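Keeping their order, the protein sequence lines are chains A and B.
First residue of the first sequence: -4, per our numbering; consecutive thereafter.
First residue of the second sequence: -4, per our numbering; consecutive thereafter.
The C-beta atom is built at its ideal place from N, Cα and C for all residues, glycine as well.
From a predicted model like this one, the values you see are computed outputs, not experimental measurements.
Number of protein chains: 2
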Amino acid sequence: MSITSPADAEAELLGRTGFRLVELGKVALAMADGALEPYGLTGRHLRALTLAASGVPSQQGMAARSGIDRTTMVALLDDLERRGFVRRRRDPADRRRHLVEVTDEGKAVLHKASHALDRTEAELLGELSGSDRRHLGRMVEHMLGRLRDRPGLPPIDC
Amino acid sequence: MSITSPADAEAELLGRTGFRLVELGKVALAMADGALEPYGLTGRHLRALTLAASGVPSQQGMAARSGIDRTTMVALLDDLERRGFVRRRRDPADRRRHLVEVTDEGKAVLHKASHALDRTEAELLGELSGSDRRHLGRMVEHMLGRLRDRPGLPPIDC
DNA sequence: CCAAATCATCAGTGTGACTGACGATCAGTC
DNA sequence: GACTGATCGTCAGTCACACTGATGATTTGG
């Protein structure tokens, strides 16, 4: 399809499914950040906290795994530590490393944040039926699966 | 559902449809920027160019319509003008305003960019069937329709 | 024991958009 | 016609944010 009238140019750009998906992604991120805000967390903080909870050994390992820059990871963990959600401890087995362990407070906030995200997700998906949600999930999964290790794509650092 | 084991925490976060949608949006944006790059355009340049083509009168009107900051719009149009894609002219009816008109070169690049985005979209949607694509489009549309004028959401400035 | 590699960190840099101000112009009022 | 307030485009300064490159501490392998 080609551009027929000048006034259609905008509609043609904005109407693309790709553009809508970009828009939807931004809205979803904004909603998640909004839901996390009462806990003083951003999406990246949560990502870092989750990585710590999943037992990734070193900070650089967490950075590599998530695509977050290693120096940014330091700052994120600084925040989380200041708030008492994680604790850094030298790895006795390799004293270059810091073991990042989630405190009880960190676990509690992770739990609460998880529920907040559940509510956000419910709001995001709106009145979509169960089968619609499954279908959507499958299609998104399918697209991401094919594209994820496409050359030249930046890592998704959340 | 609650977190059962630490190792599941990451999967639970990353497996959410909301998170996947954020990821897909970022991938889609990166692909679009990649497709536009040969023409020296970014998504925002294209958005500005499209706004100019659709006949929005003033620069500030374009900014307001798109959510792009007014000073950023100046810079975008500076770029586009330097490349000869648009031309600024005082509005004779209101000499405060600049009429932004798309040059023939601008129209040509808009046309080529549109085709590039078509190809990107084909790659993004992959092997989804026609009915899947329609279903996806309807669902995305439905979600965006409900969420778009939700309070507190930032404008989508592309 | 030494060289190279790895880890966490930090200071400096750079990019990108926003804030606030400016001169120019217009619309409405007296 | 002069005055006031609003709007337009622009620019300089600022701010947030993440990245580059370097550093000291530590480990690993020869």
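Outcome for S124 of chain A when other beta-carbon atoms lying within 10 angstroms are tallied against a minimum of 16: So S124 of chain A counts as exposed.
Per-residue DSSP class, three states only, for P150 of chain A: Shown here, P150 of chain A sits in coil according to DSSP, grouped into three states, outside any helix or strand.
Residue of A:I63, A:A108 and A:L19 minimising C-alpha distance to R141 of chain B: Considering only alpha carbons, the answer is A:L19.
Separation of G38 of chain B from G50 of chain B, as counted between CA atoms: So the alpha carbons of these two residues sit roughly 19 Å apart.
Three-state class that DSSP yields for R60 of chain A in the structure shown: Helix.
Contact the segment 128 to 141 of chain B vs the segment 25 to 43 of chain A: 3+ CB pairs below 8 Å: Look at the beta carbons and you see the segment 128 to 141 of chain B not touching the segment 25 to 43 of chain A: under three pairs across the two are nearer than 8 Å.
Sequence ranges, beta strand (DSSP E) only - wholly within the segment 73 to 132 of chain A, length at least 3: Complete beta strand (DSSP E) runs here, min 3: 81 to 86 and 89 to 97.
Nearest candidate by alpha-carbon position, reference D99 of chain A, set A:A6, A:A88 and A:V81: Here the closest residue by C-alpha is A:V81.
Cβ of M68 of chain A within 9 Å of any chain B Cβ: No, no contact with chain B.
Inter-residue CB distance, L112 of chain A and R11 of chain B (contact presumed, cutoff 8 Å): Between R11 of chain B and L112 of chain A the Cβ distance is about 7 Å, and since that is below 8 Å, they are a contact.
Burial state of H110 of chain A (16 or more Cβ within 10 Å): Exposed: under 16 other Cβ atoms inside 10 Å.
Within chain A, the residues that I156 of chain B reaches when beta carbons sit closer than 8 Å: There is simply no residue 156 of chain B to check, as chain B begins at -4 and stops at 153 in what is shown.
Whole-angstrom distance between R15 of chain A and D86 of chain B, CA atom to CA atom: Those two C-alpha atoms are separated by around 33 Å.
Proximity test, Cβ basis, 9 Å: T115 of chain A and chain B: For T115 of chain A, the nearest beta carbon of chain B is closer than 9 Å to its own beta carbon.
Cβ of E118 of chain B within 9 Å of any chain A Cβ: Yes, E118 of chain B lies at the interface with chain A (some Cβ there is under 9 Å from its Cβ).
Reference L8 of chain A; option with closest CA among B:K107, B:R77, B:M134 and B:R84: Check the Cα spacing between L8 of chain A and each of B:K107, B:R77, B:M134 and B:R84: the tightest is with B:K107.
Alpha carbon of A23 of chain A to alpha carbon of A88 of chain B, nearest angstrom: One alpha carbon belongs to A23 of chain A, the other to A88 of chain B, and they sit about 43 Å apart.
Partner residues on chain B for E5 of chain A, Cβ-Cβ distance less than 7 Å: Neighbours of E5 of chain A across chain B, judged by C-beta separation under 7 Å: T45, L46 and S49.
Residue-level contact to chain A via CB, A111 of chain B, 9 Å cutoff: A111 of chain B does not count as touching chain A.
Distance between R128 of chain B and T45 of chain A (C-alpha atoms, nearest Å): For T45 of chain A and R128 of chain B, the distance between alpha carbons rounds to 33 Å.
Amino acids of chain A, ordered along the chain, whose beta-carbon sits closer than 7 Å to that of K21 of chain B: Chain A residues near K21 of chain B: G20 and I151.
Integer-rounded CB distance, given that A43 of chain B should sit under 8 Å from M68 of chain B: Confirmed, about 6 Å.
Proximity winner among A:M26, A:A4, A:A6 and A:A58, relative to R145 of chain B (alpha-carbon distances): Restricting attention to A:M26, A:A4, A:A6 and A:A58, the CA atom closest to the CA of R145 of chain B is found in A:M26.
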